[in-house]
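To get my numbering, take the position in the sequence shown, counting from 1, and add 383.
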Amino acid sequence: MEDIKGQSFKLKVERLEFKVHGSTFKSSLTNSLTLKLSFFRFLASQLPSIPIIRNPQSLVDTSRRLGQAAIRIRLALCALLLAPCLFVLACGTPYGVYHRVRPGENLFRICKTYGVTLQEVAELNNITDASQIRAGQKIFIPGANDQLTVILPEASPEKEKEEKVEVTSIPRKEIEKPEKPDKIRLQKGLFDWPVRGNITSSFGVRAGKNHDGIDIPAKGGTPIKAAAAGKVIFSSDEIRSYGNLIIIKHEGRFSTVYAHNRKNLVQEGELVERGQVVAEVGDTGRATTAHLHFEVRDGKKPRNPVFFLP
Ligand SMILES: [Zn+2]
Numbered sequence: 384m385e386d387i388k389g390q391s392f393k394l395k396v397e398r399l400e401f402k403v404h405g406s407t408f409k410s411s412l413t414n415s416l417t418l419k420l421s422f423f424r425f426l427a428s429q430l431p432s433i434p435i436i437r438n439p440q441s442l443v444d445t446s447r448r449l450g451q452a453a454i455r456i457r458l459a460l461c462a463l464l465l466a467p468c469l470f471v472l473a474c475g476t477p478y479g480v481y482h483r484v485r486p487g488e489n490l491f492r493i494c495k496t497y498g499v500t501l502q503e504v505a506e507l508n509n510i511t512d513a514s515q516i517r518a519g520q521k522i523f524i525p526g527a528n529d530q531l532t533v534i535l536p537e538a539s540p541e542k543e544k545e546e547k548v549e550v551t552s553i554p555r556k557e558i559e560k561p562e563k564p565d566k567i568r569l570q571k572g573l574f575d576w577p578v579r580g581n582i583t584s585s586f587g588v589r590a591g592k593n594h595d596g597i598d599i600p601a602k603g604g605t606p607i608k609a610a611a612a613g614k615v616i617f618s619s620d621e622i623r624s625y626g627n628l629i630i631i632k633h634e635g636r637f638s639t640v641y642a643h644n645r646k647n648l649v650q651e652g653e654l655v656e657r658g659q660v661v662a663e664v665g666d667t668g669r670a671t672t673a674h675l676h677f678e679v680r681d682g683k684k685p686r687n688p689v690f691f692l693p
């Protein structure tokens with residue numbers, strides 16, 4: 384305990400570094416789980432007199448007895464739990480409701496009712512054409528608590544007002560404009576297929592879980608190509624469920640993610656060309672068969688890769 388007193392902890396967003404009497408703890412924040420385990424191991428090695436720390440609660444209990452040091456440990460723990468990760472690559476439980484489309488409803492109206500963007504709903508539900516939706520279809524609405532009733536144009540007081548205006552002077556075309564669905568934005572060809580094949584698992588909600596990318600099965604060893612030119616910002620097997628993983632940062636806000644690779648062929652910091660082979664298809668991490676799990680991220684936000692592929 385005395386050894387820790389007066390020592391400072393240095394916390395950064397990308398990397399965590401501790402110094403306690405010459406011993407250094409360093410870890411990347413790209414994997415919060417690994418970070419926590421190694422952090423506990425580090426603490427255990429630095430505090431031989433305390434029992435082995437098995438979980439955060441026991442860490443807090445133990446730290447309570449450590450006076451001054453405890454405050455720092457708790458602070459560090461909070462920082463660990465709250466620190467923004469570069470990528471949270473775990474599959475989260477989606478938050479939202481399924482809306483069952485009723486006759487006369489369109490995607491634009493549905494999105495307006497729930498206050499969500501057409502683009503987000505389109506991507507989550509793999510709808511590239513708003514006219515595709517049919518009565519009876521279930522559409523996942525992110526962030527909603529309950530299914531709402533969509534006010535149809537006929538019953539809308541707004542529309543009545545518009546119709547009154549129409550009588551005076553505004554041409555009909557202009558009045559109908561707001562009723563037309565927004566365009567779903569496709570950026571086909573912004574990225575190339577990293578591996579050719581059928582998508583066996585699409586983007587969006589899958590069996591009650593978020594799937595932040597698409598799965599493309601291919602024979603083990605099949606070359607994986609960079610979807611666009613960029614810089615490799617991650618090449619490691621540190622995130623266990625993703626196995627060998629590569630993240631390429633592209634121009635602008637986009638990055639692409641390639642997971643379950645048998646082998647990564649590029650290193651962090653390397654610049655890659657569009658179409659350059661960066662890895663081989665495999666089944667490392669949480670995968671039952673050889674396939675590529677491919678993600679497109681806009682900043683941290685996962686986007687539907689299909690909207691960007693030719
Ligand atoms: Zn996947």
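The C-beta atom is built at its ideal place from N, Cα and C for all residues, glycine as well.
Starting from ILE629, trace the beta strand (DSSP E) both ways and give me its first and last residue.
Within the sequence shown, numbered from 1, the residue matching residue 629 stands at position 246. 627-632 is the extent of the beta strand (DSSP E) around ILE629.
Grab me the residues of ALA601's own chain with a C-beta within less than 6 Å of its C-beta, minus the 5 sequence neighbours each way, in chain order.
Numbered from its first residue, the sequence shown carries residue 601 at position 218. VAL578, GLY580, VAL664.
Grab me the residues of HIS633's own chain with a C-beta within less than 6 Å of its C-beta, minus the 5 sequence neighbours each way, in chain order.
What you label residue 633 is simply residue 250 of the sequence shown in a count that begins at 1. Around HIS633: ALA611, GLY613.
What's the call for GLY596, buried or exposed, on a 16-neighbour Cβ count within 10 Å?
Position 213 of the sequence shown, counted from the start, is the residue given in the question as residue 596. Counting Cβ neighbours within 10 Å, GLY596 comes out buried, since at least 16 surround it.
Does DSSP put THR639 in a helix, a strand or coil?
As a first step, residue 639 is located in the sequence shown; it is residue number 256 there, counting from the start. If DSSP states are grouped into helix, strand and coil, THR639 belongs with the strands.
So ILE631 and VAL615 are in contact, right, with Cβ under 8 Å, and what is the actual spacing, rounded?
For the purposes of this step, residue 631 is taken as residue 248 along the sequence shown, with counting starting at 1. For the purposes of this step, residue 615 is taken as residue 232 along the sequence shown, with counting starting at 1. The Cβ separation is near 6 Å, so the contact holds.
Can you list every residue whose CB sits closer than 5 Å to some heavy atom of ligand 1, going in chain order?
With the cut-off at 5 Å, the residues found are ASP598, HIS676.
For LEU501, report the span of its alpha helix (DSSP H) as first-last.
As a position in the sequence shown, residue 501 is number 118, starting the count at 1. 501-507 is the extent of the alpha helix (DSSP H) around LEU501.
Kindly indicate which residue of ARG686, ILE493, LYS608, PRO486 has the alpha-carbon position closest to the one of VAL480.
The count along the sequence shown starts at 1 and reaches residue 480 at position 97. Residue ILE493 is the option with its Cα nearest to VAL480.
Please classify PRO477: does DSSP put it in a helix, a strand, or coil?
In the sequence shown, residue 477 corresponds to position 94, counting from 1. DSSP places PRO477 in coil when its eight states are reduced to three.
State the Cα-Cα distance for the pair VAL649 and VAL655, rounded to the nearest angstrom.
For the purposes of this step, residue 649 is taken as residue 266 along the sequence shown, with counting starting at 1. For the purposes of this step, residue 655 is taken as residue 272 along the sequence shown, with counting starting at 1. Near 8 Å, if we compare the C-alpha coordinates of VAL655 and VAL649.
Classify SER624 as helix, strand or coil using the three-state DSSP reduction.
For the purposes of this step, residue 624 is taken as the residue at position 241 of the sequence shown. In the structure shown, SER624 sits in a helix (DSSP, three-state: H, G or I).
SER624 and GLY668 - do their beta-carbons sit closer together than 8 Å?
What you label residue 668 is simply residue 285 of the sequence shown in a count that begins at 1. What you label residue 624 is simply residue 241 of the sequence shown in a count that begins at 1. Yes. Within cutoff.
Looking at C-alpha atoms only, which residue of ILE524, LEU501, ALA513, PHE690 is the closest neighbour of ASN593?
Along the sequence shown, one-based indexing puts residue 593 at 210. Nearest option by C-alpha distance: ILE524.
To which residues does DSSP link LYS571 through a beta bridge?
Counted from its first residue, the sequence shown places residue 571 at position 188. According to DSSP, which records beta bridges pairwise, LYS571 is partnered with nothing at all.
From the DSSP output, in three-state form, read off PRO577 for me.
Translated into positions along the sequence shown, residue 577 becomes position 194. Reduced to three states, the DSSP call for PRO577 is coil.
Grab me the residues of GLU488's own chain with a C-beta within less than 6 Å of its C-beta, minus the 5 sequence neighbours each way, in chain order.
The residue labelled residue 488 in the question sits at position 105 within the sequence shown. Closer than 6 Å at Cβ, skipping near neighbours: VAL533.
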